[in-house]
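Asker: Counted from 1, the sequence shown has number 1318 at position 281 by our numbering; the numbering is strictly sequential. No residue lacks a Cβ here, since even glycine has one placed at the ideal position from N, Cα and C.
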Amino acid sequence: MYTIYLKRHKEESLRRFHPWVFSGAIDHADGHPEEGDVVRVATHDGHCLGYGHCQIGSIAVRMLTFREEAIDEAFFVSRLREAWALRQALGLTNRTDHGIFRLVHGEGDRLPGLVIDVYGRTAVMQAHSVGFHLCRHTLAQALVRATEGQIEAVYYKSETTLPYKADLQQENGFIIGHSDDHTALENGLRFQIDWLKGQKTGFFVDQRDNRSLLEHYAKGRRVLNMFCYTGGFSVYALRGGARLVHSVDSSAKAIELTRRNVDLNFADTDTAQRHEAYAEDAFRFLEQAGSDYDLIVLDPPAFAKHKDALRHAIKGYTRLNAIAFRKIQPGGILFTFSCSQAVSKEQFRLAIFTAAAMSGRHVRILHQLHQPADHPVNIYHPEGEYLKGLVVEVE
Ligand code: SAH
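(1) Looking at residue 1244 and ligand 1, is the gap between the Cβ and the nearest heavy atom below 7 Å?
(2) With respect to 7 Å, is the separation between the Cβ of residue 1285 and the closest non-hydrogen atom of ligand 1 below this value?
(3) Tell me which residues share the same chain as residue 1384 and place their Cβ nearer than 8 Å to its Cβ, disregarding the 5 neighbours each side in the sequence.
(4) Measure the alpha-carbon distance for residue 1221 versus residue 1133 and round it to whole angstroms.
(5) Using a Cβ-Cβ cutoff of less than 6 Å, which residues in the same chain neighbour residue 1281 once the five nearest sequence positions on both sides are dropped?
(6) What whole-angstrom Cβ distance do residue 1331 and residue 1277 have, given they're in contact under 8 Å?
(7) Any idea if residue 1289 is buried or exposed, counting beta-carbon neighbours within 10 angstroms, 16 or more meaning buried?
(8) Let me know the beta strand (DSSP E) ranges lying completely inside the segment 1296 to 1337, each 3 residues or longer, listed in chain order.
(9) Could you give the C-beta distance for residue 1264 and residue 1338, rounded to a whole number, given that I count them as a contact under 8 Å?
(10) Any heavy atom of ligand 3 within a distance shorter than 7 Å of the CB on residue 1362?
(11) Can you list the beta strand (DSSP E) stretches of 3 or more residues lying completely in the segment 1171 to 1252, in chain order?
(12) For the alpha helix (DSSP H) containing residue 1395, list its first residue and its last residue.
(13) Apply the 10 Å Cβ neighbour rule to residue 1247 and answer buried if 16 or more other Cβ atoms are within range, or exposed otherwise.
(14) Can you tell me whether residue 1108 is helix, strand or coil according to DSSP?
(15) Nearer than 7 Å: is that true of the beta carbon of residue 1353 relative to any heavy atom of ligand 1?
(16) Among 1087, 1422 and 1397, which one has its Cα closest to the Cα of residue 1243?
(17) In whole angstroms, what separates the C-alpha of residue 1387 from that of residue 1393?
(18) Under 8 Å Cβ to Cβ from residue 1190, same chain only, skipping five residues before and after it: list those, please.
(19) What are the boundary residues of the alpha helix (DSSP H) that includes residue 1361?
(20) If you reduce the DSSP assignment to three classes, tell me which class residue 1146 lands in.
(21) What ranges does the alpha helix (DSSP H) occupy inside the segment 1043 to 1068, keeping only unbroken runs of at least 4 residues that lie completely in it?
(22) Let me check one thing: in DSSP terms, what residues is residue 1262 bridge-paired to?
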C-alpha cells in the first residue's frame, strides 16, 4: 500500500475528521497510487493520519478511517452495523408498514462516496467513487452479514454516478440475490421503484418526513404537486383527503410512474378519481394555471449543481416561487424546496423572501424543513447538508 505525505501544517482539517484530502495539500507519495486504491495518509514526517480511497481530481483522497485499521470486509461490516443500528434507533427497520430508508449516506455514515438505499429486503447500492466500485462485491457481502440476512438482494446501480473518465464499463444489476418485486412500502403507502432506470436509486427517499407533513395539511385542499417524479407528495395528499391533486412533471416516464403509484394505492376507488397527471414544463403549467390551488408543492431538481451556477439558480428559485405566490389561493400553503447543495439555507430563504415580496402578499413561515435523520450530516463535513425547504402560509 502506498503512503501519501501531506505538506507541513496541512493535516489540521484531517485531525478534525474532515473526510477529504485536497490535491493541493499533498507533498508527495511513495509510489504511484491509482484511482480507487486504498492509501495511507501521513503527515510530512510520516505520522499516520488514517486510510482512504485515492481519486483523481481536486479531492485526492476520501478518508475511510482516522485510525490504524485494515480496510477489509470486517471493517465494512462494522461500519454497516453502525449504520443499521442508527436506522433501528430511528424506528425505520423491522416494520411491516414501512421498508424504505437510506442506510448509508456517504460522509454522514463515514463511508464517503457510498450510498445505499433499502427497499424492503433489497438494497440499492451506488458508488460515487472508483474505490467503492472496486470493492462492490466485498461490500455487498458485508451488507448481508451486517444486517443478519434482513437484506437478501443487493442491486448495484452506478452507471451514472461514477466519474466518467474512469471508463470502468460499469453495469447496473443484482450482485447478490434477485428480486422481481419492484414495489416497497413507505408509511403504509406502496410505491413502484424503478431501480433500473430511475433517478438516484429509483426514489427520493429524502422527502419522506416532508411528505408526511404535507399529508396533515391536505384535507379538503386543491393540491398542485410540481416536479412530481414518482408522485410521492401526490399519493400522501390523496390519503390525507385532498379534494383534488394535480401532478406535473416534464418527463413522460415520471408521469407514468406517478399514475402507477396512485393506482397501486387507490385503484378503483373515488380517491383515484381525484387525481390528474400532466407531462408538461412546470414554469409553463404554473403560468397558465388558474388560481384554484390552495396547496402547492415545488420540489424542483437541483438548479445549481456547482457553485458557478449559483446566481442563475437563485434567480430560478425566485422566479418559480414568485409565480406560485401570485397564483395560490388566499390562506394557501406552499411547500417549497431546494436540493442544491451549493445553495445555502440563507440564500434559499432570501430567494423565497424576494419571491414573496414581488407578489405583495403577507407570508408566514410555518415550518423549516431539511433532509431526514437517515441522511445524517457529519458535523465535520457541512457540505453534506443539501435539502432545505420552507412551508409558508400566504394570506
Ligand atoms: N418531488 C419528487 C422529486 C422531484 S425530482 C419526489 O418527491 O419524489 C425533480 C423532477 O423534476 C424530475 O422528475 C424531473 O423530471 C422534473 N423536472 C425537471 N425539470 C422540469 C421542468 N422544467 N418542468 C417540470 N418538471 C421538471
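Answerer: Working from what's here:
(1) Residue mapping note: residue 1244 aligns to position 207 of the sequence shown, counting from 1. If you check the C-beta of residue 1244 against ligand 1, you find a heavy atom less than 7 Å away.
(2) Taking the first residue of the sequence shown as 1, we reach residue 1285 at position 248. The nearest non-hydrogen atom of ligand 1 is less than 7 Å from the C-beta of residue 1285.
(3) Stepping through the sequence shown from its first residue, residue 1384 is reached at position 347. Taken in chain order, the residues that qualify are 1347 and 1351.
(4) For the purposes of this step, residue 1221 is taken as the residue at position 184 of the sequence shown. For the purposes of this step, residue 1133 is taken as the residue at position 96 of the sequence shown. Cα to Cα, residue 1221 sits roughly 11 Å from residue 1133.
(5) Taking the sequence shown and counting its residues from 1, one reaches residue 1281 at position 244. These residues qualify, in order along the chain: 1259 and 1311.
(6) In the sequence shown, counting from the first residue as 1, residue 1331 sits at position 294. In the sequence shown, counting from the first residue as 1, residue 1277 sits at position 240. Between residue 1277 and residue 1331 the Cβ distance is about 13 Å, and since that is not below 8 Å, they are no contact.
(7) Translated into the one-based positions of the sequence shown, residue 1289 becomes position 252. Counting every other CB atom within 10 Å of its CB across the protein chains shown gives residue 1289 a total below 16, marking it as exposed.
(8) Every beta strand (DSSP E) of 3 residues or more that sits fully in the segment 1296 to 1337 is shown, in chain order, as 1312 to 1316 and 1332 to 1335.
(9) Your numbering for residue 1264 matches position 227 in the sequence shown. Your numbering for residue 1338 matches position 301 in the sequence shown. Correct: roughly 7 Å between the Cβ atoms.
(10) The model on display carries ligand 1 but not ligand 3.
(11) Within the segment 1171 to 1252, the complete beta strand (DSSP E) runs of at least 3 residues are 1190 to 1193, 1210 to 1213, 1220 to 1223 and 1226 to 1229.
(12) As a first step, residue 1395 is located in the sequence shown; it is residue number 358 there, counting from the start. Segment 1382 to 1396, the alpha helix (DSSP H) holding residue 1395.
(13) Looking up residue 1247 in the sequence shown gives position 210. Within 10 angstroms of the beta-carbon of residue 1247 lie 16 or more other beta-carbons, which makes it buried.
(14) Counting from 1 along the sequence shown, the entry for residue 1108 is found at position 71. The answer is coil: DSSP assigns residue 1108 none of H, G, I, E or B.
(15) Against the sequence shown, residue 1353 aligns to sequence position 316. No - ligand 1 has no heavy atom lying nearer than 7 Å to the Cβ of residue 1353.
(16) To locate residue 1243, count along the sequence shown from 1; it is residue 206. With distances taken between Cα atoms, residue 1243 lies closest to 1422.
(17) Your numbering for residue 1387 matches position 350 in the sequence shown. Your numbering for residue 1393 matches position 356 in the sequence shown. One C-alpha to the other measures close to 10 Å.
(18) By one-based count along the sequence shown, residue 1190 stands at place 153. Excluding positions up to five away in sequence, the list reads 1158, 1159, 1160, 1211, 1213, 1214, 1215 and 1216.
(19) Counted from its first residue, the sequence shown places residue 1361 at position 324. It spans 1347 to 1364 - the alpha helix (DSSP H) in which residue 1361 sits, taken as one unbroken run.
(20) Stepping through the sequence shown from its first residue, residue 1146 is reached at position 109. The three-state secondary structure of residue 1146, taken from DSSP, is helix.
(21) With a minimum length of 4 residues, the continuous alpha helix (DSSP H) runs that stay inside the segment 1043 to 1068 are 1049 to 1052.
(22) In the sequence shown, residue 1262 corresponds to position 225, counting from 1. According to DSSP, residue 1262 bridges with 1284 and 1334.
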